[in-house]
Amino acid sequence: MNRLLAPMRRSLRARLVAYFLVLSTVTVVVVGAAVYLRATADLTASVFDRLDAVAAIKVDALDRWIDEQSRNVVFVGVMPGVGDDARVFIDPATSPADRTAAERRLRQVLGTVVSRTADAEEIFVVDLDGVIRISTLPQHEGVSVADLPFFATGSSHTTVQNAYTSPITGRPTITVASPLFDANGGGQRVAVVGADLSLARVDRIVLDRTGLGATGRAYLVGGDGRLIQGASGDPAARSDTSLAITEVAAGNTGRALYADARGLPAIGVYHWEEARNAGVVAEMSQDEAFGSARQLALVIGLVGLVSAALLAGGIWFVARRVTRPILALAATASRVQAGDLQATSGVRSEDEVGTLAAAFDAMTAELRENVETLERRVEDRTREINAQKQELEIARREADAANQAKSAFLAAMSHEIRTPMNAVIGMSGLLLDTPLDAEQRDYTDTIHTSGEALLTIINDILDFSKIEAGRFELDAHPFGLRHTIEGALAVMRPIATKKGLALEWAPDPDLPEWFLGDAGRLRQIVLNLLSNAVKFTDAGSVRVALRGTAADGSTAASGRWELAVEVHDSGVGIPADKIGRLFQSFSQADASVARKYGGTGLGLAISRRLAELMDGSLVAESSGIPGEGSTFRLTIRVDAVATDAAGAAAGAGSGVGPAGAPSAGSPPPGTSSAQPAGGPIRAATDAETAARNPLRILLAEDNAVNQKLALRLLERMGYRADVVEDGRAAIEAVIGGAYDVVLMDVQMPEVDGLEATRRIRARLPDRALRIVAMTANAMEGDREACLAAGMDDYVSKPIRPDELAAALASAAGSNDAASPG
Numbered sequence: 059m060n061r062l063l064a065p066m067r068r069s070l071r072a073r074l075v076a077y078f079l080v081l082s083t084v085t086v087v088v089v090g091a092a093v094y095l096r097a098t099a100d101l102t103a104s105v106f107d108r109l110d111a112v113a114a115i116k117v118d119a120l121d122r123w124i125d126e127q128s129r130n131v132v133f134v135g136v137m138p139g140v141g142d143d144a145r146v147f148i149d150p151a152t153s154p155a156d157r158t159a160a161e162r163r164l165r166q167v168l169g170t171v172v173s174r175t176a177d178a179e180e181i182f183v184v185d186l187d188g189v190i191r192i193s194t195l196p197q198h199e200g201v202s203v204a205d206l207p208f209f210a211t212g213s214s215h216t217t218v219q220n221a222y223t224s225p226i227t228g229r230p231t232i233t234v235a236s237p238l239f240d241a242n243g244g245g246q247r248v249a250v251v252g253a254d255l256s257l258a259r260v261d262r263i264v265l266d267r268t269g270l271g272a273t274g275r276a277y278l279v280g281g282d283g284r285l286i287q288g289a290s291g292d293p294a295a296r297s298d299t300s301l302a303i304t305e306v307a308a309g310n311t312g313r314a315l316y317a318d319a320r321g322l323p324a325i326g327v328y329h330w331e332e333a334r335n336a337g338v339v340a341e342m343s344q345d346e347a348f349g350s351a352r353q354l355a356l357v358i359g360l361v362g363l364v365s366a367a368l369l370a371g372g373i374w375f376v377a378r379r380v381t382r383p384i385l386a387l388a389a390t391a392s393r394v395q396a397g398d399l400q401a402t403s404g405v406r407s408e409d410e411v412g413t414l415a416a417a418f419d420a421m422t423a424e425l426r427e428n429v430e431t432l433e434r435r436v437e438d439r440t441r442e443i444n445a446q447k448q449e450l451e452i453a454r455r456e457a458d459a460a461n462q463a464k465s466a467f468l469a470a471m472s473h474e475i476r477t478p479m480n481a482v483i484g485m486s487g488l489l490l491d492t493p494l495d496a497e498q499r500d501y502t503d504t505i506h507t508s509g510e511a512l513l514t515i516i517n518d519i520l521d522f523s524k525i526e527a528g529r530f531e532l533d534a535h536p537f538g539l540r541h542t543i544e545g546a547l548a549v550m551r552p553i554a555t556k557k558g559l560a561l562e563w564a565p566d567p568d569l570p571e572w573f574l575g576d577a578g579r580l581r582q583i584v585l586n587l588l589s590n591a592v593k594f595t596d597a598g599s600v601r602v603a604l605r606g607t608a609a610d611g612s613t614a615a616s617g618r619w620e621l622a623v624e625v626h627d628s629g630v631g632i633p634a635d636k637i638g639r640l641f642q643s644f645s646q647a648d649a650s651v652a653r654k655y656g657g658t659g660l661g662l663a664i665s666r667r668l669a670e671l672m673d674g675s676l677v678a679e680s681s682g683i684p685g686e687g688s689t690f691r692l693t694i695r696v697d698a699v700a701t702d703a704a705g706a707a708a709g710a711g712s713g714v715g716p717a718g719a720p721s722a723g724s725p726p727p728g729t730s731s732a733q734p735a736g737g738p739i740r741a742a743t744d745a746e747t748a749a750r751n752p753l754r755i756l757l758a759e760d761n762a763v764n765q766k767l768a769l770r771l772l773e774r775m776g777y778r779a780d781v782v783e784d785g786r787a788a789i790e791a792v793i794g795g796a797y798d799v800v801l802m803d804v805q806m807p808e809v810d811g812l813e814a815t816r817r818i819r820a821r822l823p824d825r826a827l828r829i830v831a832m833t834a835n836a837m838e839g840d841r842e843a844c845l846a847a848g849m850d851d852y853v854s855k856p857i858r859p860d861e862l863a864a865a866l867a868s869a870a871g872s873n874d875a876a877s878p879g
């Protein structure tokens, strides 16, 4: 196709010829089609009229033939002596001699009538009980026809039972019947005389092709859809063989184009004759009927082709004269485009093309004057661009180095800050779990709370940097929706109670229980919204509402859902002109707010970006009037999962979130971690833990303070541990001792924790040993790197007692499962 269209794209002359040729061809086609359609319509009407006439003639011939056969049967009934012989033959009191004589005369009469007419297959006499007593076909004698319509009606007057299937022969037939009276008995009705007509005459009438052409045919159809014909017919034809047979069998009259019983296109008419309980169909092939129209179409097509050829020649001649100067101008333009600025068109005429050529030649002359100036400018600009490409290459290398330095700096700072924070938070937690007076507890609580706040800031900065770098990924797993949000509420409830605030919870009870998504990040957003609501509310309440809508409008426990979490407070509110700054990085609605309440301004910015990663949004609404508060609306789109599919993840709503995300037990920024029931350490540890789950523990930690903290936490759970200060010593200790668990730091001298783990797994592939990473490396991918090295679990620093206890419980369960018996 492209090769065929290429000359038209390149040649104006070819396009002109093609356009005029298409227009002329369309005209010829339209006229020809109109003539053909008109001729076809007239021809169709003519064929229908002819077929209607043929069908009417056949119906009239059938009526005359059946009337004639009716008169023949009546003639038999009135022949002298026939009625008396029938009475004598049927009467049981008649003597045998008289009955035999009467039977002989009746058979002679009936046989004579049948032999002299080819239109009756059988003539018979039926007694008044409906039993055939004598027939030209003796095998039918003794058969009852009392249930047939011709007997019931023929007992009183001459009747015709039109086309029906005889129960005696099983073939279509027509029966004429008339009452039989005696003469000597006083004109009493003694029997019924009947005749089954031969359908061969029906064939001669119906199948005659006069007026039907070479392919036409006609046939008689009964009410059951069978063809009523003799031996030359098709008795197996049913009503589903053609439209005409179906329609006429249903008692309809009409004309149509359809496929005949052979599947060939046909034109036909059909007439239902109620008086005969049958219909006549006359049809012929469409090829024969419309042959003349097709010939006309062929003639029109040939005329059109000849006309198109003549038009093409004339148009080509005209187009050549018109396009010659245009093509000369185009050739000149091509030479100029190729660089020959000295070329001129040479066209000299007073029409529009001549004007165009003169303007083109003038433009070419001006172009020649400008090219030299342009070339000089291009050379100057090229030198400038080359120089800029060299300020850019250097800048790119410096930017890459800056990005690498930034990533290394963040990783180093995260590790170096988390290491002392581990001691600050852990030791202050241990100290809070000891007897202290009020002043000491207040000081210690302040240290612990400040450490938690600093850790939250670090986490926010790490999250923000990962989001900005486009390296942030969500962790999708089944989680309990209400359980996740209730975990955040449980963290905030003591803080709200301490301020005298009511913390209300209104979930939609019709929501599915399980969804697929990142529970830790969802809990992080809700915790941030709750923390802000409680922070900026001095009196009243904070209300959390949960609702959802399925994407298809159903309440199915699976499929896509849009979930909405609304956090409404009765706090100070947000002025309308300040709401837009809420979600900007390192920004708050008012600088005075930062001074009064503190905060980095990252929490809401991170929460909105997390919501967007969850295919949702986070918006704020407020009247700005103190006491009317604010409403934050979180919308996410997640997939609901069936309960059986999420059963294995029943605990997904609790435990440790992704690296950098707060766990279910993490306190929000700026809140106290002290709890009235013995402090955070006592609440998360149990001195009987070791008794329930005995473990032999090796601690690989190079920092003396972190060693002290870890050992103290283990002691609170009833455990003792051996300590090594680098990875090489850890390898030697594991090979030489029978440990159940290794608490492995990552950054250590000599051999780091990752390499030490790989060597241990290689040296002791069958050892049932649980290696738990306990490290300040909490950047994105650190957890995966630890697991890839062969570690079984991951606990980030600062160490939380509940996470450490959970890791040890998992180790104990794993060892029990690995033990024989």
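Residue 346 in my numbering is what sits at position 288 of the sequence shown, and the numbering runs on without skipping anything. Backbone N, C-alpha and C fix where the C-beta goes; we use that ideal spot for every residue, glycine too.
{"query": "Check the DSSP bridge columns for Q219 and list the partner residues they point to.", "result": "T233"}
{"query": "What three-state label does DSSP hand V482 in the structure shown?", "result": "helix"}
{"query": "For Y328, list the residues DSSP reports as bridge partners.", "result": "G312 and V339"}
{"query": "Please confirm if the region 271–289 is in contact with the region 169–183, defined as three or more CB-CB distances below 8 Å between the two stretches.", "result": "no"}
{"query": "What residue does the alpha helix (DSSP H) around P154 start on, and which one ends it?", "result": "P154 to R174"}
{"query": "By alpha-carbon positions, which one of A481, Q498, D491 and T402 ends up nearest to E510?", "result": "A481"}
{"query": "What separation, rounded to the nearest whole angstrom, lies between the Cα atoms of H329 and G281?", "result": "12 Å"}
{"query": "Buried or exposed for T502, please, with buried defined as at least 16 other CB atoms from any protein chain shown within 10 angstroms of its CB.", "result": "buried"}
{"query": "Relative to the C-alpha of S868, which candidate in G312, P225 and L827 has its C-alpha closest?", "result": "L827"}
{"query": "Take D110 and list the residues in its own chain whose beta-carbon comes closer than 6 Å to its own, dropping the five residues that flank it on each side.", "result": "V327"}
{"query": "Tell whether a beta-carbon distance below 8 Å holds between Q692 and A622.", "result": "A small fix is needed here, since residue 692 is Leu in this sequence, not Gln. Yes, the pair counts as a contact, with Cβ atoms nearer than the cut-off."}
{"query": "Are the beta-carbon atoms belonging to P565 and R540 less than 8 Å from one another?", "result": "yes"}
{"query": "Enumerate in chain order the residues of its own chain whose CB-to-CB distance from D254 is below 6 Å, with the five nearest sequence positions on each side excluded.", "result": "E179, E180, T231 and T233"}
{"query": "Taking buried to mean at least 16 other C-beta atoms within 10 Å of its own C-beta, is P856 buried or exposed?", "result": "buried"}
{"query": "Is DSSP giving D254 helix, strand or coil here?", "result": "strand"}
{"query": "Under the three-state reduction of DSSP, which class applies to E456: helix, strand or coil?", "result": "helix"}
{"query": "What are the partner residues of M849, as DSSP defines its beta bridges?", "result": "None, per the DSSP bridge assignment."}
{"query": "Just curious, the alpha helix (DSSP H) that H541 is in, first and last residue?", "result": "L539 to K556"}
{"query": "Are the beta-carbon atoms belonging to A758 and D697 less than 8 Å from one another?", "result": "no"}
{"query": "So what's A869 in DSSP terms, helix, strand or just coil?", "result": "helix"}
{"query": "In this structure, how does DSSP classify M421 when only helix, strand and coil are distinguished?", "result": "helix"}
{"query": "So does the region 127–135 actually touch the region 397–415, counting three or more Cβ pairs closer than 8 Å?", "result": "no"}
{"query": "Can you tell me whether E305 is buried or exposed? The criterion is at least 16 other CB atoms within 10 Å of its CB, across all chains shown.", "result": "buried"}
{"query": "Within 8 Å (strictly less), CB to CB, does V763 reach chain C?", "result": "The question asks about chain C, but that chain is absent: this structure has only one protein chain."}
{"query": "Quick one: does the C-beta of E180 sit closer than 7 Å to a heavy atom of the ligand MN?", "result": "Ligands are entirely absent from the displayed structure, and the ligand MN is therefore not among its contents."}
{"query": "Could you tell me the boundaries of the alpha helix (DSSP H) in which E305 lies?", "result": "L301 to A307"}
{"query": "Please state the DSSP three-state secondary structure of G359.", "result": "helix"}
{"query": "Ignore the nearest five residues each way along the sequence and tell me which others in A159's own chain have a CB closer than 7 Å to its CB.", "result": "none"}
{"query": "Mind pulling the beta strand (DSSP E) runs of 3 or more residues that sit fully within the region 806–835?", "result": "828–833"}
{"query": "Should L315 and I303 be called a contact, given that it needs their Cβ atoms to be closer than 8 Å?", "result": "no"}
{"query": "Once DSSP output is grouped into helix, strand and coil, what is the label at L270?", "result": "coil"}
{"query": "At what residues does the beta strand (DSSP E) containing F182 begin and finish?", "result": "A178 to V184"}
{"query": "Quick check on D697: does DSSP put it in helix, strand or coil?", "result": "strand"}
{"query": "Just to confirm, is the Cβ distance from A377 to V112 under 8 Å?", "result": "no"}
{"query": "With a threshold of 8 Å, are at least 3 pairs of Cβ atoms found where one atom belongs to the region 89–108 and the other to the region 145–156?", "result": "no"}
{"query": "Inspect the beta-carbon positions of D780 and L756 and report whether they are closer than 8 Å.", "result": "yes"}
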